[in-house]
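Notes for the one structure printed next.
In the working numbering, the protein residues as written are 462 to 971.
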């Protein structure tokens with residue numbers, strides 16, 4: 462391709478190099494994200510999706526446990542659970558790992574398009590943000606929340622820059638349409654309304670300030686076209702969000718879930734981040750970077766950036782699972798504050814500056830380009846192979862789940878209800894459907910009532926025997942190293958199976 466003129470040549474080179482850095486960044490994130498992403502909650506999503514595929518209807522009652530059998534259960538995730546189950550049926554468990562990697566990479570594509578700054582700054586921020594959010598990358602519907610959060614941020618941010626009124630038709634069609642998908646995919650749909658509120662409040666405060674400067678009346682303020690655009694957008698989102706199996710009650714779902722006391726007490730992802738854990742160290746790094754950039758950039762924050770950081774940091778400090786949301790929002794203000802630092806000699810790459818000034822093209826480095834492309838391509842293939850290959854996936858599952866114990870139970874089928882480990886409940890739904898479970902990861906179904914009974918047994922609180930008798934427990938499956946397992950063997954329960962991780966106990970016969 463022939464490019465004439467020094468300015469045109471420089472523009473051409475920068476455009477090409479931007480694309481190179483973009484693809485390097487996104488492919489690196491794909492390599493990071495494509496791993497064994499199946500966790501303890503993946504299984505109940507698969508089981509629910511499998512049932513809906515087989516019965517061709519949305520699941521509205523619990524049929525998988527005996528402690529809540531027949532109770533209403535309308536999890537807002539059928540739109541994701543059905544494809545999950547179909548994927549596993551057709552392509553195996555490894556397919557979930559590949560799709561998870563793709564969704565995460567796509568999420569950061571939208572973040573890359575949203576943030577400001579040069580390509581090096583964007584690449585650095587994205588890799589750091591990906592490292593922060595990677596704590597809770599797993600094959601679950603919440604990945605859809607991460608993706609749609611990124612898309613909403615992109616659409617709102619671009620609309621704020623161009624003027625909401627000028628892109629009103631795009632907002633009126635895209636955001637309600639995406640909300641329809643979101644509200645039927647994951648309970649995190651409320652984040653979409655939270656983002657709308659942030660940008661609406663930012664627009665409102667700016668409109669009030671402008672009206673005050675121009676001494677406009679309230680009537681004139683209400684004619685603000687940007688405010689009207691966002692108001693109509695929010696109303697449309699609210700109306701369309703009612704199109705789900707729960708109807709208007711869906712708006713209560715997120716608050717009912719977080720009100721379960723046992724979540725905050727005993728489930729790690731609902732607790733505040735443990736900053737002594739290595740997994741949360743990148744979260745601290747991102748916070749430190751935010752503080753330093755704010756201190757030395759010499760720029761003032763936009764009001765919407767302050768709202769984004771304040772709200773999502775607050776959520777992240779309340780529950781570790783929200784750290785990923787903060788990781789998606791924090792690059793926006795950081796990128797805006799960093800933008801322009803290059804011209805202040807704060808971020809110069811000398812060899813690139815020299816090459817551009819001398820008119821050298823990226824095509825002058827064909828071997829380097831080929832090497833980069835080959836390394837990334839081979840890296841993606843290798844990671845995809847590791848994440849998809851069935852023996853490798855199974856070997857990883859064997860480390861964390863009672864695979865052999867389940868085989869034993871299927872073969873022997875001891876009588877009585879099964880009291881199971883919370884960590885394995887969802888796995889049993891998928892692999893041992895012959896036994897309804899005592900509890901699994903569906904905390905919105907069990908609430909404190911059942912979860913407290915389970916804790917009473919495993920923590921040997923007063924009345925633990927009454928719980929086992931009430932539910933006619935005949936067999937127990939739990940982690941081998943738990944103290945309660947040793948205690949039960951000394952109090953009327955006999956070991957019938959044991960391996961490196963699992964223990965099966967049955968009522969001792971007199």
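Glycine residues also receive a C-beta, built at the ideal position from the N, C-alpha and C atoms.
Open item on the list: Once the 5 residues before and after residue 715 are set aside, which same chain residues still bring their CB inside 7 Å of it?
Closed with: So the list reads 648, 651, once near-sequence residues are dropped.
Task: Between the CA atoms of residue 512 and residue 874 - distance to the nearest angstrom - done: 23 Å
Open item on the list: Using only the alpha-carbon positions, how far apart do residue 402 and residue 538 sit?
Closed with: In this structure the chain extends from 462 to 971, so residue 402 is not present and cannot be described.
Open item on the list: Can you find the residues in the same chain that come closer than 7 Å, C-beta to C-beta, to residue 924, ignoring five residues on each side of it along the sequence?
Closed with: 917
- [ ] Verify whether the separation of the beta carbon atoms of residue 643 and residue 616 is less than 7 Å.
- [x] no
TODO: Would you kindly report the start and end of the unbroken alpha helix (DSSP H) that includes residue 420?
DONE: What the structure shows of the chain is the stretch from 462 to 971, and residue 420 is not part of that stretch, so it cannot be assessed.
Task: Three-way DSSP call (helix, strand, coil) for residue 968 in this model - done: In this structure, DSSP gives residue 968 an extended state, which the three-state scheme calls strand.
TODO: Classify residue 700 as helix, strand or coil using the three-state DSSP reduction.
DONE: helix
- [ ] Let me know if residue 775 comes out buried or exposed under the rule of 16 or more other beta-carbons within 10 Å of its beta-carbon.
- [x] Residue 775 should be labelled exposed.
Open item on the list: Contact defined as beta carbons within less than 8 Å: I believe residue 554 pairs with residue 499. What is the distance between those atoms, to the nearest angstrom?
Closed with: Confirmed, Cβ separation roughly 6 Å.
Open item on the list: What would DSSP say about residue 959, mapped onto helix, strand or coil?
Closed with: In the structure shown, the three-state DSSP call for residue 959 is strand.
- [ ] Answer with yes or no whether the minimum CB distance from residue 627 to chain D is below 7 Å.
- [x] In the displayed structure, chain D is absent; only one protein chain is listed.
Open item on the list: Considering only DSSP beta bridges, list what residue 881 is partnered with.
Closed with: Its beta-bridge partners are 938.
TODO: Using beta-carbon positions only, say whether residue 972 and residue 572 come within less than 7 Å of one another.
DONE: The question about residue 972 has no answer, for the chain in this structure spans 462 to 971.
Task: Proximity winner among 940, 577, 560, 861, relative to residue 479 (alpha-carbon distances) - done: 577
Open item on the list: Taking only three categories from DSSP, how would you classify residue 819?
Closed with: With a pLDDT of 43 at residue 819, under the threshold of 50, the modelled position of that residue is not reliable, and the figure given next carries that caveat. Note: residue 819 maps to coil in three-state DSSP.
Task: Three-state secondary structure (DSSP) of residue 804 - done: Because residue 804 carries a pLDDT of 44, less than 50, the predicted location of this residue cannot be relied on, and the following value inherits that uncertainty. Three-state result, residue 804: helix.
Open item on the list: Counting C-beta neighbours from all protein chains within 10 Å, is the total for residue 848 16 or more, i.e. buried, or is it exposed?
Closed with: Label assigned to residue 848: buried.
TODO: Can you have a look at residue 549 and say buried or exposed, based on whether 16 or more other CB atoms are within 10 angstroms of its CB?
DONE: buried
Open item on the list: Within the continuous alpha helix (DSSP H) that includes residue 558, where are the two ends?
Closed with: 555-575
Task: Distance between residue 621 and residue 768 (C-alpha atoms, nearest Å) - done: If you draw a straight line from the Cα of residue 768 to the Cα of residue 621, it comes to about 14 Å.
Open item on the list: For residue 526, list the residues DSSP reports as bridge partners.
Closed with: 898
Open item on the list: Measuring only the C-alpha atoms, how far is residue 518 from residue 544?
Closed with: 14 Å
- [ ] In angstroms with no decimal places, state the Cα-to-Cα distance between residue 973 and residue 931.
- [x] Only positions 462 to 971 of the chain appear in this structure, which leaves residue 973 out of reach.
Task: Distance CB(residue 490)-CB(residue 581) smaller than 7 Å - done: For residue 490 and residue 581, no; Cβs fall outside 7 Å.
Open item on the list: Rounded to whole angstroms, what is the Cα-Cα separation between residue 813 and residue 864?
Closed with: Low per-residue confidence applies at residue 813: pLDDT is 43, beneath 50, and the placement is therefore not dependable, though the value from the model is reported in the following sentence. Rounded to the nearest angstrom, the two C-alpha atoms are 54 Å apart.
Open item on the list: Using C-beta distances below 6 Å, list every residue in its chain close to residue 952, excluding the 5 sequence neighbours before and after it, in chain order.
Closed with: none
Open item on the list: So if DSSP puts residue 533 in a beta bridge, which residue, or which two residues, is it bridged to?
Closed with: 522
- [ ] Note down, one range per segment and in chain order, each alpha helix (DSSP H) of at least 4 residues found wholly within the region 611-671.
- [x] Entirely contained in the region 611-671, the alpha helix (DSSP H) runs reaching 4 residues are, in chain order, 629-644.
Task: Spatial neighbours of residue 665 in its chain, beta-carbon cut-off 8 Å, leaving aside the 5 residues before and after - done: 688
- [ ] Take residue 712 as the anchor and find which of 603, 843, 876, 536 has the nearest alpha-carbon.
- [x] 536
- [ ] Pull up the distance between the alpha-carbon of residue 876 and that of residue 956, whole angstroms please.
- [x] 15 Å
- [ ] Output yes or no for whether 7 Å exceeds the beta carbon distance between residue 919 and residue 740.
- [x] no
Open item on the list: Rounding to the nearest angstrom, what Cα-Cα distance links residue 937 and residue 505 in this structure?
Closed with: Spanning the alpha carbons of residue 937 and residue 505 requires a straight line of approximately 20 Å.
Task: Three-state secondary structure assigned by DSSP to residue 917 - done: helix
Task: Under the three-state DSSP convention, the category residue 673 falls into - done: helix
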